[in-house]
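Remarks on the structure that follows.
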Amino acid sequence: MSQVSTKQLIIAKIKFQKAFLLLAASVEKFQPYHVDKNYSADELEPYDALSDRFIRVVEVAIKFFRTYEYYLQAEQSQTLRDGLHQMEKLFLVSNIDIWLEMRDIRNRIVHDYVPVKIAQMYHLICNEFYRELKQLDQQIENIII
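Last residue of the sequence shown: 161 in the working numbering, with the numbers rising by one and none dropped.
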């Protein structure tokens, strides 16, 4: 394990923790999205912030996984699924399918404009996905570098 990889891992850890704190702030303030309401631009801002922060934390988490895997093994998995499987073995990920679904939702956020689907995405982000990310945050905190 080189000094560079240790430094990169510390940076990746800090980036995830900062991104997670921002997501946690949005989740804490979250008010359910009502599909029949016609929201103004100002009223949509908290939802946009939640979406942006979720997208960012998922990307930063995946970057952390790749960095951590390289730190431990001096190589990275070829696919996201393989990398998530490695993180599951290390107890950083509780369920690979949740992460694949988070990645899918992350991709759909920017393309989905159907209010019912948007409400479902926000519900997932603030509940199941948030719990998984919170657990990851706690596990990352315990990693000794």
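Using N, Cα and C, we set each Cβ at its ideal position, and we do this for glycine too.
- In the structure shown, asparagine 54 adopts coil according to DSSP, grouped into three states.
- The stretch 141-154 makes contact with the stretch 103-120: 3 or more CB pairs, one atom from each, lie closer than 8 Å.
- Taking the C-beta atoms as reference points, threonine 83 is found no nearer than 8 Å to glutamine 154.
- Burial is judged here by how many other beta carbons sit within 10 angstroms of a residue's own beta carbon; serine 67 has at least 16 and is buried.
- Restricting attention to Glu104, Leu149, His139, the CA atom closest to the CA of leucine 37 is found in Leu149.
- Within 10 angstroms of the beta-carbon of valine 130 lie fewer than 16 other beta-carbons, which makes it exposed.
- Shown here for alanine 90: not one same chain residue has a beta carbon closer than 6 Å to its own, the five before and five after excluded.
- A direct Cα-Cα distance of roughly 7 Å separates isoleucine 26 from isoleucine 161.
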